[in-house]
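**Student:** Taking my numbering, the leading residue of the sequence shown gets 10, the next gets one more, and so forth.
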Amino acid sequence: MTATTGRAGRREWIGLAVLLLPTLVLSMDMGVLFFAVPYISTELAPSGTQQLWIMDMYSFLLAGLLITMGALGDRIGRRRLLLIGAAGFTGASLLAAWSGSAEQLIAARALLGAAGATVMPSTLALIRNTFHDTKQRQTALGAWGGMLTAGATLGPVAGGLLLDHYWWGSAFLVAVPVMVLVLLTVPVLLPEYRTTAPTGRFDLPGAALSLAAILPLVYGVKTLAVDGWSPRPALATAAGLLLAGAFVWRQHTAANPLIDLSLFRIRTFSGAISVNTLAMFAMMGFALFTSQYLQLVKGMSPFTASLWSLVPSVGVGAAIGIGSALAGKVRPAALMCGGFVVGATGFAMMTQVGPHSPLALILTSAGVLAAGTVGTMTMTAEMVVSAAPAEQAGAASATSETAVELGSSLGIALLGAAGAAVYRHQLDGALPAGVDVAAAGTARDTLGGAVSVAAHLPGRLGPDLLETARGAFTDGLHVAAVVGLLFALGAALLAYRLLRHLPAAATTAPEQEPVAA
10 MTATTGRAGR REWIGLAVLL LPTLVLSMDM GVLFFAVPYI STELAPSGTQ QLWIMDMYSF
70 LLAGLLITMG ALGDRIGRRR LLLIGAAGFT GASLLAAWSG SAEQLIAARA LLGAAGATVM
130 PSTLALIRNT FHDTKQRQTA LGAWGGMLTA GATLGPVAGG LLLDHYWWGS AFLVAVPVMV
190 LVLLTVPVLL PEYRTTAPTG RFDLPGAALS LAAILPLVYG VKTLAVDGWS PRPALATAAG
250 LLLAGAFVWR QHTAANPLID LSLFRIRTFS GAISVNTLAM FAMMGFALFT SQYLQLVKGM
310 SPFTASLWSL VPSVGVGAAI GIGSALAGKV RPAALMCGGF VVGATGFAMM TQVGPHSPLA
370 LILTSAGVLA AGTVGTMTMT AEMVVSAAPA EQAGAASATS ETAVELGSSL GIALLGAAGA
430 AVYRHQLDGA LPAGVDVAAA GTARDTLGGA VSVAAHLPGR LGPDLLETAR GAFTDGLHVA
490 AVVGLLFALG AALLAYRLLR HLPAAATTAP EQEPVAA
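Pasting the structure below:
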């Protein structure tokens, strides 16, 4: 059934609290694994390739199945799909925690990604169906976006705390009590919703094309970001783009497509997705530099660095609160432009960070950057679910989240590649005399390699190499910050152009909005 219209009461708000918990856990899932990798390597002895798949299989399957699962939820019921996903996530978490081999852990991570793809669009679509009052829905979706950010921040901290006291498998058990709570309470607190319109046969070829396009695309982009240029990931990226084109063609021609492409003719929908993708590009693309700076330039342990990384979340919380307070008085386009300008200011501040800068500068810069970008993302989530017709909320939410995954991957790849290129260029011919060829090659690859090499060099060679490498890294950070700044300003202009038609106090457009992008 469909929830009745009107303002939400206590039951709906309790239901929201339950929906936010799996959102938090799914966002934490990658971060809690960071500290477990050394323990997993010792216990399961995975090869280098297997270790890569242990880390990435979750995000690959999550991104590849989001659109399929979102469309499936619209058909069979979003609450039902959420419960299926919660049960699957619980079982896969237990399987991962007690894996006896690298192959079993990779399979468990794949199941976790598939289950996560059912949960994420279901939570967002159920919020859209539960909260019909615009102001209440804005508040609910702001909390949803805040949970995503909190999970990404808390994941490494939770992983570090667990691994200080328990075995590596405990990192996977965080989700179990949360998903059990979802299974017990969601049937009581939240109504079911599915489309009542005729749907026809499910588009299995479209689902296959969606997965076939996203997997090589995300793999290629992430591998190029980490390892630099090589033929295999470049070919994978090209294949993913070709298959993505085939998916779009299929959605144009299929009698019952997974997602109605006419949604992109709704300016609010297409504008919100475009802006959200750019926000993730800027924020996630630079997060890699911040974590490396704290650990490899400031010399912090991973756990200490993760604790300091909580500081910028204060700015994020403030930005969300300010944005909510101004939503009734200021047009969304103006608010989002302001958010991206704030983010661009954070990028500009990053260009002043050097190897010996005070810790407050990097943390303040990261806080300003995150405050601006995350503040815009909470508004775009509301636009996406409100601009799409109610019967397509699941597919619309999944499309938005897929774009977020791709924006994140592209940001890490492109900003990471820009920083890495500058780092290598700056080190060419600048390494201290006396560093042998093998050590020099390792140092040129990454700052982490330079730190490892410097620890084994005699006399002043080690400190001199570190000083040079850290200077080269911050030079790369500056170039990446300039690129991020330009993207943030471009996003501000795009937000104004595509979303200036929306009035204040309504970050939504009429559900059947005819305005073309």
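Backbone N, C-alpha and C fix where the C-beta goes; we use that ideal spot for every residue, glycine too. Everything numeric in this text was worked out from a predicted model, so none of it was measured.
Run the CB neighbour count on Ala-518, radius 10 Å, all protein chains shown included, and call it buried at 16 or more, exposed below.
**Tutor:** Because Ala-518 sits at a pLDDT of 43, beneath the cut-off of 50, its placement in the model cannot be relied upon, and the following sentence gives the value as read from the coordinates. Buried is the call here.
**Student:** Count the other C-beta atoms from every protein chain shown that fall within 10 angstroms of the C-beta of Thr-51, then say buried if there are 16 or more, exposed otherwise.
**Tutor:** By the 10 Å Cβ count, Thr-51 comes out exposed.
**Student:** Judging by CA-CA distance, which residue of Trp-238, Thr-148, Phe-349 and Val-320 is the nearest neighbour of Ile-371?
**Tutor:** For the residues Trp-238, Thr-148, Phe-349 and Val-320, the minimum Cα distance to Ile-371 belongs to Val-320.
**Student:** Mapping the DSSP letters down to three states, classify Thr-11 as helix, strand or coil.
**Tutor:** Because the pLDDT of Thr-11 is 40, which lies under 50, any placement of that residue in the model is unreliable, and the question is left without a value.
**Student:** Can you find the residues in the same chain that come closer than 6 Å, C-beta to C-beta, to Pro-523, ignoring five residues on each side of it along the sequence?
**Tutor:** Model confidence at Pro-523 stands at a pLDDT of 37, short of 50, so the residue's coordinates are unreliable and nothing is read from them.
**Student:** Grouping DSSP H, G and I as helix and E and B as strand, with all else coil, what is Asp-473?
**Tutor:** Reduced to three states, the DSSP call for Asp-473 is helix.
**Student:** Starting from Phe-256, trace the alpha helix (DSSP H) both ways and give me its first and last residue.
**Tutor:** It spans 240–262 - the alpha helix (DSSP H) in which Phe-256 sits, taken as one unbroken run.
**Student:** I need the straight-line Cα distance from Leu-494 to Ile-49, nearest angstrom please.
**Tutor:** The alpha-carbon atoms of Leu-494 and Ile-49 are separated by roughly 38 Å.
**Student:** Which of the three DSSP states is assigned to Gly-376 in this structure?
**Tutor:** Helix at Gly-376.
**Student:** Quick one, are the C-beta atoms of Arg-259 and Pro-266 less than 9 Å apart?
**Tutor:** Yes, they are a contact pair.
**Student:** Pairing CB atoms from the region 154–173 with CB atoms from the region 334–344, are three or more of them under 8 Å?
**Tutor:** No, the region 154–173 is not in contact with the region 334–344.
**Student:** Identify which residue in Gly-215, Leu-250, Leu-70 and Pro-441 has its Cα closest to the Cα of Ala-117.
**Tutor:** Of Gly-215, Leu-250, Leu-70 and Pro-441, the residue nearest in Cα terms is Leu-70.
**Student:** Our contact map puts Ser-219 next to Gly-73 with C-beta atoms below 8 Å; I'd like the distance itself, whole angstroms only.
**Tutor:** Correct: roughly 7 Å between the Cβ atoms.
**Student:** For Thr-483 and Ala-459, I'd like the C-alpha separation in whole angstroms.
**Tutor:** For Thr-483 and Ala-459, the distance between alpha carbons rounds to 14 Å.
**Student:** Can at least three beta-carbon pairs, one atom from the region 438–445 and one from the region 104–118, be found at a separation below 8 Å?
**Tutor:** Not touching, per the Cβ criterion.
**Student:** Here's the rule: buried if 16 or more other CB atoms are within 10 angstroms of the residue's CB, otherwise exposed. What is Val-189?
**Tutor:** With fewer than 16 Cβ atoms within 10 Å of its Cβ, Val-189 is classed as exposed.
**Student:** Please return the same chain residues whose Cβ sits closer than 7 Å to the Cβ of Gly-24, not counting the five positions on each side in sequence.
**Tutor:** Within the same chain, Gly-24 has close Cβ partners Thr-139, Leu-198 and Leu-199.
**Student:** Which residues in the same chain as Thr-516 place their Cβ atom closer than 7 Å to its Cβ, once the five residues preceding and following it in sequence are excluded?
**Tutor:** Here Thr-516 scores only 44 on pLDDT, less than 50, and its place in the model should not be relied on; the value that follows carries that caveat. Excluding sequence neighbours, Thr-516 sits near Gln-147, Ala-336, Pro-341, Met-388, Glu-391 and Met-392.
**Student:** Assuming Gly-164 and Ile-329 form a contact by the criterion Cβ under 8 Å, report the distance between their Cβ atoms to the nearest whole angstrom.
**Tutor:** At roughly 19 Å, the Cβ-Cβ gap does not stay under 8 Å, so Gly-164 and Ile-329 are not in contact.
**Student:** Please report the straight-line C-alpha distance between Asp-437 and Phe-211, rounded to a whole angstrom.
**Tutor:** The alpha-carbon atoms of Asp-437 and Phe-211 are separated by roughly 56 Å.
**Student:** Is the beta carbon of Leu-121 less than 9 Å from the beta carbon of Ser-108?
**Tutor:** No. Outside cutoff.
**Student:** What runs of the alpha helix (DSSP H), each 4 residues or longer, lie entirely inside the region 147–202?
**Tutor:** Qualifying alpha helix (DSSP H) stretches, in chain order: 184–198.
**Student:** Specify, as a first and last residue, the run of the alpha helix (DSSP H) that Val-323 falls within.
**Tutor:** From DSSP, the alpha helix (DSSP H) with Val-323 extends over 322–335.
**Student:** Please report how far the alpha carbon of Gly-308 lies from the alpha carbon of Ala-397, in whole angstroms.
**Tutor:** Cα to Cα, Gly-308 sits roughly 48 Å from Ala-397.
**Student:** For a test of the three-state rule: what should DSSP assign to Met-37, helix, strand or coil?
**Tutor:** Correct three-state label for Met-37: helix.
**Student:** Relative to the alpha-carbon of Ile-85, which residue among Ala-426, Ala-404 and Phe-181 has its alpha-carbon at the smallest distance?
**Tutor:** Ranking the options by Cα distance to Ile-85, first place goes to Ala-404.
**Student:** Quick one: grab the DSSP three-state call for Arg-276.
**Tutor:** DSSP places Arg-276 in helix when its eight states are reduced to three.
**Student:** Quick one: is the Cβ of Leu-456 within less than 8 Å of any heavy atom of the ligand SAH?
**Tutor:** Here there are no bound small molecules, and the ligand SAH is not part of this structure.
**Student:** In terms of residue numbering, what span does the alpha helix (DSSP H) encompassing Arg-118 cover?
**Tutor:** Taken as a continuous stretch (DSSP letters only), the alpha helix (DSSP H) holding Arg-118 covers 111–139.
**Student:** Taking only the alpha-carbon atoms, compute the straight-line gap between Met-386 and Asn-285 and give it to the nearest angstrom.
**Tutor:** C-alpha separation (whole angstroms): 6 Å.
**Student:** Applying the 10 Å Cβ sphere with the 16-neighbour rule, what's the burial state of Ala-106?
**Tutor:** Looking at its Cβ environment, which holds 16 or more other Cβ atoms inside 10 Å, Ala-106 is buried.
**Student:** Closest by CA to Glu-201, which one among Leu-133, Leu-272 and Arg-89?
**Tutor:** Nearest C-alpha to Glu-201: Arg-89.
**Student:** If you follow the alpha helix (DSSP H) that Pro-266 is in, where does it begin and where does it stop?
**Tutor:** First-last for Pro-266: undefined, no H or E at that position.
**Student:** Considering only C-alpha positions, which residue in the set Ala-134, Phe-290 and Val-41 is nearest to Trp-176?
**Tutor:** Of the candidates Ala-134, Phe-290 and Val-41, the one whose C-alpha sits nearest the C-alpha of Trp-176 is Val-41.
**Student:** Using three-state DSSP, classify Val-444 as helix, strand or coil.
**Tutor:** Of the three classes helix, strand and coil, the one that applies to Val-444 here is coil, per DSSP.
**Student:** What span of residues does the alpha helix (DSSP H) with Ser-461 cover, start to end?
**Tutor:** Here the alpha helix (DSSP H) through Ser-461 covers 456–463.
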